[in-house]
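Visitor:
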C-alpha cells in the first residue's frame, strides 16, 4: 500500500475538496425562503380558480429547489449523488401521473345511473341476494 | 498496522481542541469513506421522498375527489400556527446549514451553537404542533383516545371523528381531510423528533472535538436529514393549512 505512505508523507489527509458556501449566501437563501412563505400565504387569498393548486405547488417547488440546491449542497455535489436524489422526484412524478390518470378515467358511484356497467346489473344484484341467503 | 496488514488512515486534528479521525479500515482513503457514506445517505433520502410521495399521492387523489371537503377542512386549521411553524423550520434549516459550515471551517463553538439553535427550532415546532393537535382533539375532529378503535360498519360511525361543532359532519367524507392531515403531520413530526435526536448526537461528538475541516461527515449527513424535514413541510403547509 505505497499510496498510503505517500499520503502520510504529504500530510494532506482530508475527505477531499468540499465547497464551503459563504454565510451571506445561506442568509440570502433564508430571506428568500421567508419572502416566498409570505407570497404563499398571499397567493392563497386570491382565487385563481383551477390554477390555485398549480400556483401553490409552483411556489413550494421554488422554495424546495432553493433548499435542495443551496442548503443541501446538491449544486456542488457529485454527479452520482445528484442523479440518485433527483431521480426520486422522477419516480414520484410517475406515481402522481398514474394515480391522477386513474382518478381522471374512473367512473364514480354517483355516475352509475348515467353510464353503462361493464357487468350486467342483474347478475350483480343476484350475487347480492345469494349472499343474503346465507 | 491493523490486523489485516493495512495501515489505518488517520486524518490529523487541526488544533488542540479537536481529535484526529481514523478512517474505517475497509476504506482505502478518506475520500472513499466520505463518498460511500454520502451516496448511501442520498439513497436513503430518496426512499424518504418516496415514503412521503405515497402520502402526497393520496392527498392529491382525495383532494381531486372532494375539493370542497378539503377546503372546509383546511379552514378548521389555524393557518397562523402553520405559518409560524413554517418560519421556525425555515430558520432552523438555515441554522443547520450554518452548523455544517462551522464544522467544515473547524469552528467548534459555532458548530455547537448552531446545532443547539436547530434543536430549539425542533422543540418550538413540536410544542406548536402539540397545541394544534390538542385543539383538534377538543373539537372532536381527531379524538386521539379513540384513534385505534375499530370502525363500526353497522352505524357507519368513525370512533375518532366526533365533530362536536358539526362543521365537517354535513360534507361528504368530512373525516377524510383530518385522516390525511394527521397521517402526514404525525409522520413528519416523527421525523422532526428523530432529526432533533440526531442533532443532539452530533453535538455530543462536536463537544468532544470530533468534527473539523478534515472530518465532518456525521454533521453533513444529519444536516441533510434535517433539510429533508424542512423540504417536506414546505409542501405540507400550503396543502394542509391553505388548501388550494
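Protein chains in written order, with this note's numbering: chain A, 373 to 506; chain B, 3 to 246.
Backbone N, C-alpha and C define an ideal beta-carbon position, used for all residues, glycine too.
Predicted, not measured: the structure shown is a model, and the values here were computed from it.
Is the segment 129 to 146 of chain B touching the segment 180 to 198 of chain B in the sense that three or more CB pairs, one from each, lie closer than 8 Å?
Guide: As far as the Cβ criterion goes, the segment 180 to 198 of chain B touches the segment 129 to 146 of chain B, which means the pair count is three or higher.
Visitor: Which value, in whole angstroms, describes the spacing of the CA atoms of residue 113 of chain B and residue 205 of chain B?
Guide: Each residue's alpha carbon lies about 8 Å from the other.
Visitor: Helix or strand or just coil, what does DSSP make of residue 159 of chain B?
Guide: Three-state result, residue 159 of chain B: strand.
Visitor: For residue 427 of chain A, which residues from the same chain have a beta carbon less than 6 Å from its beta carbon, with the 5 sequence-adjacent residues on both sides left out?
Guide: Excluding positions up to five away in sequence, the list reads 415 and 420.
Visitor: In its own chain, which residues sit with a C-beta less than 7 Å from the C-beta of residue 68 of chain B, not counting the 5 before and 5 after it?
Guide: Answer for residue 68 of chain B: 174, 175 and 178, listed in chain order.
Visitor: For a cutoff of 7 Å on Cβ pairs, would you count residue 400 of chain A as touching chain B?
Guide: No - not a single Cβ of chain B is within 7 Å of the one on residue 400 of chain A.
Visitor: Taking residue 192 of chain B as the reference, which of B:85, B:228 and B:141 has the closest Cα?
Guide: Nearest option by C-alpha distance: B:228.
Visitor: Mind listing the chain B neighbours of residue 418 of chain A? Cutoff is C-beta to C-beta under 8 Å, in chain order.
Guide: Ordered by position in chain B, no residue passes the 8 Å Cβ test against residue 418 of chain A, which lies about 11 Å from the chain.
Visitor: How is the alpha helix (DSSP H) around residue 216 of chain B delimited, first residue to last?
Guide: Run containing residue 216 of chain B: none; DSSP gives neither H nor E here.
Visitor: Taking the beta carbon of residue 448 of chain A as the centre, do at least 16 other beta carbons fall within 10 Å, making it buried, or is it exposed?
Guide: The residue in question, residue 448 of chain A, is exposed, as its Cβ has fewer than 16 Cβ neighbours within 10 Å.
Visitor: Which chain A residues sit within Cβ distance under 9 Å of residue 41 of chain B?
Guide: 450, 452, 453 and 456, listed in chain order.
Visitor: Is it buried or exposed, residue 374 of chain A, if we count other Cβ atoms within 10 angstroms and call 16 or more buried?
Guide: Caution is warranted here: a pLDDT of 38 is assigned to residue 374 of chain A, below 50, making its placement in the model unreliable, and no coordinate value can be reported.
Visitor: When the cut-off is 7 Å and only beta carbons count, does residue 465 of chain A lie next to chain B?
Guide: No, no contact with chain B.
Visitor: Tell me, to the nearest whole angstrom, how far the beta carbon of residue 103 of chain B is from that of residue 398 of chain A; I am working on the premise that it is less than 8 Å.
Guide: With a Cβ gap of about 7 Å, residue 103 of chain B and residue 398 of chain A count as contacting.
Visitor: Spell out whether any CB of chain A is found under 7 Å from the CB atom of residue 99 of chain B.
Guide: Yes, its Cβ sits closer than 7 Å to a Cβ of chain A.
Visitor: Under 8 Å by Cβ, that's how I've got residue 226 of chain B and residue 47 of chain B pegged, so tell me the actual separation to the nearest angstrom.
Guide: 6 Å between Cβ atoms; contact.
Visitor: Contact between the segment 91 to 100 of chain B and the segment 120 to 135 of chain B is defined here as three or more beta-carbon pairs at a separation below 8 Å; is this criterion met?
Guide: Yes, since at least three Cβ pairs between the segment 91 to 100 of chain B and the segment 120 to 135 of chain B fall closer than 8 Å, the two stretches touch.
Visitor: For residue 430 of chain A, which residues from the same chain have a beta carbon less than 8 Å from its beta carbon, with the 5 sequence-adjacent residues on both sides left out?
Guide: So the list is empty, once near-sequence residues are dropped.
Visitor: In chain A, what lies closer than 8 Å to residue 107 of chain B by C-beta?
Guide: Near residue 107 of chain B (Cβ distances below 8 Å), the residues of chain A are 392.
Visitor: Please return the same chain residues whose Cβ sits closer than 7 Å to the Cβ of residue 209 of chain B, not counting the five positions on each side in sequence.
Guide: Contacts found: 114.
Visitor: Between which two residues does the alpha helix (DSSP H) carrying residue 106 of chain B extend?
Guide: Counting along the chain, the alpha helix (DSSP H) containing residue 106 of chain B begins and ends at 81 to 106.
Visitor: Between the beta-carbon of residue 442 of chain A and the beta-carbon of residue 401 of chain A, is there less than 7 Å?
Guide: Their beta carbons are under 7 Å apart, which means residue 442 of chain A touches residue 401 of chain A by this criterion.
Visitor: Starting from the C-beta of residue 73 of chain B, find all residues in its chain whose C-beta is less than 6 Å away, skip the five residues before and the five after it, and write them out in chain order.
Guide: 245, listed in sequence order.
Visitor: Measuring only the C-alpha atoms, how far is residue 238 of chain B from residue 53 of chain B?
Guide: Going by the C-alpha atoms only, they are around 14 Å apart.
Visitor: Could you please give me the residues that DSSP links to residue 450 of chain A through a beta bridge?
Guide: In DSSP, residue 450 of chain A forms no bridge with anything.
Visitor: Could you say which of A:467, A:409, A:390 and A:433 lies nearest to residue 249 of chain B if we only look at CA atoms?
Guide: Beyond the ends of chain B as shown, which are 3 and 246, falls residue 249 of chain B; an answer cannot be given.
Visitor: Express the C-alpha separation of residue 453 of chain A and residue 422 of chain A in angstroms, rounding to a whole number.
Guide: Their Cα atoms are separated by approximately 36 Å.
Visitor: List the residues of chain B that residue 428 of chain A touches, going by C-beta distances under 8 Å, in chain order.
Guide: Correct list: 240, 241, 244 and 246.
Visitor: With 7 Å set as the bound, which would you pick, yes or no: does the beta-carbon of residue 88 of chain B sit closer than that to a beta-carbon of chain A?
Guide: Yes, residue 88 of chain B lies at the interface with chain A (some Cβ there is under 7 Å from its Cβ).
Visitor: Using the rule of at least 16 other Cβ atoms within 10 Å of the residue's Cβ for burial, across every protein chain shown, is residue 232 of chain B buried or exposed?
Guide: Classification of residue 232 of chain B: buried, given that the 10 Å Cβ count is 16 or more.
Visitor: Look at the alpha carbon of residue 84 of chain B and the alpha carbon of residue 240 of chain B, and state the distance between them as a whole number of angstroms.
Guide: Roughly 9 Å separates the two Cα atoms.
Visitor: Does any CB atom of chain A fall closer than 7 Å to the CB of residue 91 of chain B?
Guide: So, not an interface residue.
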